[in-house]
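Notes follow once the structure below has been shown.
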């Protein structure tokens, strides 16, 4: 089936299998490999992308459901190769270790910054609950996102 969507600001037309997952289409058809498959069950958040600005687990979204919508991936966060404020804060706070979870965290944090600028550290922790990180222990991640959001980081 043919779908039309916007991916990181670019109009995109694709022919996809009726039950193809958005994650697979992004990775295999578009070469956007930032979103990772961690669990395939929507539990870990490694595959988080933005669908019309809302964070979704792309492993649970059929590509056909994205027809007519805007998709944002981690590849679209940096501008002209310059990391976005959330990305920079994660590096500055040591919130990046193995990197498997970071693209999903960046996308969730981008949504937090857009929806709830100035969110408290506790609120940031709550909103990041769907993104699992096995390496950092979360403190550096929460610190980084809270700082970026408090500073008015905008996507």
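In my numbering, the protein residues as written are 46 to 200. Ideal placement from N, C-alpha and C gives every residue a C-beta, glycine not left out.
Which partner residues does residue i have in the DSSP bridge list?
i: residue 179; result: According to DSSP, residue 179 bridges with nothing at all.
i: residue 49; result: 58
i: residue 116; result: 52, 96
i: residue 66; result: 107
i: residue 101; result: 94
Does the beta-carbon distance from residue i to residue j come in below 8 Å?
i: residue 140; j: residue 186; result: yes
i: residue 70; j: residue 108; result: yes
i: residue 50; j: residue 111; result: yes
i: residue 118; j: residue 136; result: no
i: residue 180; j: residue 90; result: no
i: residue 153; j: residue 177; result: no
i: residue 196; j: residue 130; result: yes
Assuming residue i is part of the alpha helix (DSSP H), what are its boundary residues?
i: residue 188; result: 184–195
i: residue 131; result: 130–137
i: residue 80; result: Here residue 80 belongs to no alpha helix (DSSP H), and DSSP marks it neither H nor E.
i: residue 153; result: 147–160
For a test of the three-state rule: what should DSSP assign to residue i, helix, strand or coil?
i: residue 106; result: coil
i: residue 201; result: Nothing about residue 201 can be read from this structure; the chain reaches only from 46 to 200.
i: residue 21; result: Absent from the model: residue 21. The displayed extent of the chain is 46 to 200, so no value can be given.
i: residue 71; result: helix
i: residue 88; result: coil
i: residue 173; result: coil
Next on the checklist: If contact is defined by three or more beta carbon pairs under 8 Å, each pair taking one atom from either stretch, is the stretch 153–163 in contact with the stretch 96–112?
Outcome noted: Pairwise C-beta distances place the stretch 96–112 in contact with the stretch 153–163, as three or more of them are shorter than 8 Å.
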